[in-house]
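Peer 1: My structure is below; once you've seen it, I'll send some questions.
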Amino acid sequence: MPRPQHDRLIQAAVRCYPTSWRDRHGDEALELAGLLVRDGVSGVSVAWSYLTGAARAQLVVRPCRRLAATLSALLVGVTLIGVPLVLLDSLTPASADSSNKVIVSISNRNDAAGQLESVFRLHHFKIGVEEAPSSPSQVGSILAVRPGARGTGENAVLREIAGPCVGGASGCIDAIALPRHYIGSAEVLVGRPAAPGETYFGSPKIFGPGEMLHCSGLLGKAVSTALHTLRGLHVKIVWDVGGSRTGDATTPSGSLYVVGGNALSATSILIHVSSKASTNHDYAISHGQRC
Amino acid sequence: MAVRGREPERGTGREVLRRAGEASVLILTSLADCPKHGYALILDIKEFAGLQLGPGTLYGALDRLEKLGLIEALPADDRRHPYRITSAGAMSLRDHLDSLERVSAVGRLRLALGGV
Chain C
8 MPRPQHDRLI
18 QAAVRCYPTS
28 WRDRHGDEAL
38 ELAGLLVRDG
48 VSGVSVAWSY
58 LTGAARAQLV
68 VRPCRRLAAT
78 LSALLVGVTL
88 IGVPLVLLDS
98 LTPASADSSN
108 KVIVSISNRN
118 DAAGQLESVF
128 RLHHFKIGVE
138 EAPSSPSQVG
148 SILAVRPGAR
158 GTGENAVLRE
168 IAGPCVGGAS
178 GCIDAIALPR
188 HYIGSAEVLV
198 GRPAAPGETY
208 FGSPKIFGPG
218 EMLHCSGLLG
228 KAVSTALHTL
238 RGLHVKIVWD
248 VGGSRTGDAT
258 TPSGSLYVVG
268 GNALSATSIL
278 IHVSSKASTN
288 HDYAISHGQR
298 C
Chain P
3 MAVRGREPER
13 GTGREVLRRA
23 GEASVLILTS
33 LADCPKHGYA
43 LILDIKEFAG
53 LQLGPGTLYG
63 ALDRLEKLGL
73 IEALPADDRR
83 HPYRITSAGA
93 MSLRDHLDSL
103 ERVSAVGRLR
113 LALGGV
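Protein sequences, first through last, are from chains C and P. For the first sequence, the numbering used here assigns the number 298 to the last residue and increments by one with no breaks. For the second sequence, the numbering used here assigns the number 118 to the last residue and increments by one with no breaks.
Take a look at the structure:
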């Protein structure tokens, strides 16, 4: 939804239209503005577009009498809104796929599910959206796309598009591409903030950007060194020693090394330990990012 | 040509659309396959043309096209007013696209781009 100040600006701009226009389009125009802002369009540019549209409409209704009023309204609008010159043109470039595909992308992670649902509905796609608890870095991202059980062969053409995660990691899915006339069914799973203790979908790497132990400096450290910091997190620790898991109470040998980990929930983590402090994938993920 | 009420203006399709502006061509193209309301038009145009049409521009063009008799409003669905292209609108769009095609062919030929 538009922020309150943008909401007021948009309403003010719509009020500049002639009454007859407002009677016909007013409600729809405000609803459209809300949808555009939710899709990531700037509220200011929406207000400006309505303001210039209102100026044109007023000139068409009564060219002479309205001219001064229109110019005044425009001047007030420019002053109030402070729109950069680049916004003067209401036709701005946007990413678009030139092929016969629809790219459905998430621009507002706080309302990812709602955003996807409205676009799927608009295109009459039989695609459901469900939310699942996720780690902080994956909130508002697509966690999984599950093709429908009764596949028609069309399901195979769904394509996931990777984008940045919250916190800067790469590899989160923030868009999917599908044919304009997609007739298959599917379910899209979107990350939402997890409640305390709720298990995360997918158990993401805990040393990745946006996660609890990113840049903690614990990767490659001996368990004896890392233990103090890990205990200080006040979360349940599950140890994975060579594939066998032990509970919090059974601390592995202090001479082993921390080589990776996963976030299980907001209150429990899995730590992989090994006799060698190898530079594995987790190490690369963590150290590839600036701390 | 003066506009009185909602009486459609006359003129050749190409000329009418040329005056109506780029947004009008985009809207007619979007409506060519099925009726759409404002938000659906904006999404569709963004998809096939790569342009984010401002809502003020959209409503201005819709009003203009309706006065010209090139589109017509369908009964409102809740707050949303869907529009559909009229036969005059389809004819105007076809004329306009033919004209653009000719210009495109000449331009490509003169730039030695091929494809004509």
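Glycine included, each C-beta is placed from N, C-alpha and C at the ideal position. Note that the structure is a prediction, hence the values are computed from the model and not measured.
From which residue to which residue does the alpha helix (DSSP H) around Thr-258 (chain C) run?
Peer 2: Here Thr-258 (chain C) belongs to no alpha helix (DSSP H), and DSSP marks it neither H nor E.
Peer 1: Beta strand (DSSP E) containing Arg-199 (chain C): first to last residue?
Peer 2: First-last of the beta strand (DSSP E) with Arg-199 (chain C): 192–200.
Peer 1: For Leu-196 (chain C) and Glu-124 (chain C), I'd like the C-alpha separation in whole angstroms.
Peer 2: Leu-196 (chain C) and Glu-124 (chain C): Cα-Cα distance of roughly 11 Å.
Peer 1: Output the distance between the C-alpha atoms of Gly-147 (chain C) and Gln-18 (chain C), rounded to the nearest integer angstrom.
Peer 2: Distance between the alpha carbons of Gly-147 (chain C) and Gln-18 (chain C): 29 Å.
Peer 1: What is the rounded straight-line gap between the Cα of Gly-170 (chain C) and the Cα of Lys-69 (chain P)?
Peer 2: Spanning the two alpha carbons is a distance of roughly 44 Å.
Peer 1: Spell out the partners DSSP gives His-279 (chain C) in its beta bridges.
Peer 2: In DSSP, His-279 (chain C) forms a bridge with C:Asp-247 and C:Gly-267.
Peer 1: What separation, rounded to the nearest whole angstrom, lies between the Cα atoms of Cys-222 (chain C) and Ala-270 (chain C)?
Peer 2: Rounded to the nearest angstrom, the two C-alpha atoms are 15 Å apart.
Peer 1: Flag Ala-4 (chain P) as yes if its beta-carbon sits less than 8 Å from any beta-carbon of chain C, otherwise no.
Peer 2: Only weak support is given to the placement of Ala-4 (chain P): the predicted model assigns it a pLDDT of 35, under 50, and the value that follows is read from those uncertain coordinates. False, the Cβ-Cβ gap to chain C never drops below 8 Å.
Peer 1: Three Cβ pairs or more, each shorter than 8 Å: is that satisfied between the segment 130–146 of chain C and the segment 210–224 of chain C?
Peer 2: Short answer: they touch.
Peer 1: Would you say Tyr-61 (chain P) reaches chain C, if we count a Cβ-Cβ gap shorter than 8 Å as a contact?
Peer 2: For Tyr-61 (chain P), the answer is yes, since a Cβ of chain C falls inside 8 Å of its Cβ.
Peer 1: With burial defined as no fewer than 16 other Cβ atoms inside 10 Å of the residue's Cβ, what is the status of Asp-181 (chain C): buried or exposed?
Peer 2: Flag for Asp-181 (chain C) reads buried.
Peer 1: Can you list, in chain order, the residues of its chain with a C-beta nearer than 8 Å to that of Arg-187 (chain C)? Leave out the 5 residues immediately preceding and following it.
Peer 2: Closer than 8 Å at Cβ, skipping near neighbours: Asn-107, Lys-108, Val-109 and His-130.
Peer 1: Give me the chain C residues within the contact set of Gly-40 (chain P), using Cβ-Cβ distance strictly less than 7 Å, ordered along the chain.
Peer 2: What Gly-40 (chain P) touches in chain C: Glu-35 and Leu-39.
Peer 1: Using only CA atoms, which one of C:Trp-246, C:Ala-273 and C:Gly-268 lies nearest to Ser-260 (chain C)?
Peer 2: That would be C:Trp-246, whose Cα lies nearest to the Cα of Ser-260 (chain C).
Peer 1: Which one or two residues does DSSP pair with Tyr-85 (chain P) in a beta bridge?
Peer 2: Tyr-85 (chain P) is bridged to P:Lys-38 and P:Ala-75.
Peer 1: State yes or no: is the beta carbon of His-83 (chain P) nearer than 8 Å to at least one beta carbon in chain C?
Peer 2: By this cut-off, His-83 (chain P) is an interface position.
Peer 1: Over what stretch of residues does the beta strand (DSSP E) that includes Gly-52 (chain P) continue unbroken?
Peer 2: Per DSSP, Gly-52 (chain P) belongs to no beta strand (DSSP E) and is neither H nor E.
Peer 1: Give a yes or no on whether the minimum CB-CB distance between Arg-63 (chain C) and chain P is below 8 Å.
Peer 2: Yes, contact with chain P.
Peer 1: By the 10 Å Cβ neighbour count, where 16 or more other Cβ atoms means buried, how is Lys-38 (chain P) classified, buried or exposed?
Peer 2: Flag for Lys-38 (chain P) reads buried.
Peer 1: With 9 Å as the C-beta to C-beta threshold (strictly closer), list the residues of the segment 191–223 of chain C near chain P in chain order.
Peer 2: If the cut-off is 9 Å between Cβ atoms, the segment 191–223 of chain C has nothing near chain P.
Peer 1: Taking the Cβ atom as the reference point for each residue, do Gln-54 (chain P) and Val-44 (chain C) lie within a distance shorter than 8 Å?
Peer 2: Result no, Cβ atoms of Gln-54 (chain P) and Val-44 (chain C) do not sit closer than 8 Å.
Peer 1: Helix, strand or coil for Thr-57 (chain P), going by three-state DSSP, please let me know.
Peer 2: With the sequence shown as reference, residue 57 (chain P) is identified as Pro, and Thr is not the correct amino acid for it. Of the three classes helix, strand and coil, the one that applies to Pro-57 (chain P) here is helix, per DSSP.
Peer 1: Please classify Val-108 (chain P) as buried or exposed, where buried requires at least 16 other C-beta atoms within 10 Å of its C-beta.
Peer 2: Exposed is the call here.
Peer 1: So, does the CB of Pro-77 (chain P) fall closer than 8 Å to a CB anywhere in chain C?
Peer 2: No, Pro-77 (chain P) lies away from the interface with chain C (no Cβ there is under 8 Å from its Cβ).
Peer 1: Just to confirm the assignment, what range does the alpha helix (DSSP H) spanning Val-27 (chain P) have?
Peer 2: Val-27 (chain P) -> alpha helix (DSSP H) spans 24–33.
Peer 1: Under 8 Å between C-beta atoms, does Pro-37 (chain P) make it to chain C?
Peer 2: Pro-37 (chain P) does not count as touching chain C.
Peer 1: Roughly how many angstroms lie between the CA atoms of Lys-243 (chain C) and Thr-206 (chain C), to the nearest whole one?
Peer 2: Rounded to the nearest angstrom, the two C-alpha atoms are 12 Å apart.
Peer 1: In chain B, what lies closer than 9 Å to Gly-60 (chain C) by C-beta?
Peer 2: This model lacks chain B altogether, as its protein chains are C and P.
Peer 1: In the DSSP assignment, find the beta strand (DSSP E) that holds Ala-151 (chain C) and state where it starts and stops.
Peer 2: That run of the beta strand (DSSP E) goes 149–154.
Peer 1: Distance check for Thr-253 (chain C) and Phe-50 (chain P), CA to CA, integer angstroms please.
Peer 2: Their Cα atoms are separated by approximately 55 Å.
Peer 1: Could you check how far apart the C-beta atoms of Leu-66 (chain C) and Ala-20 (chain C) are, in whole angstroms? I think they sit under 8 Å.
Peer 2: In fact, because the Cβ distance is near 16 Å, the residues do not count as touching under 8 Å.
Peer 1: Thinking just about the alpha-carbon of each residue, which of C:Leu-226, C:Gly-60 and C:Leu-220 is nearest to the one in Gly-33 (chain C)?
Peer 2: Measuring from the Cα of Gly-33 (chain C), the nearest candidate turns out to be C:Gly-60.
Peer 1: Going by C-alpha to C-alpha distance, which of C:Ser-231, C:Ser-272 and C:Trp-55 sits closest to Lys-212 (chain C)?
Peer 2: For the residues C:Ser-231, C:Ser-272 and C:Trp-55, the minimum Cα distance to Lys-212 (chain C) belongs to C:Ser-272.
Peer 1: Using a Cβ-Cβ cut-off of less than 7 Å, give me the residues of the segment 107–125 of chain C that come near chain P, in sequence order.
Peer 2: Listed by position along the chain: Val-109.
Peer 1: DSSP state of Ala-20 (chain C), grouped into three classes?
Peer 2: Helix.
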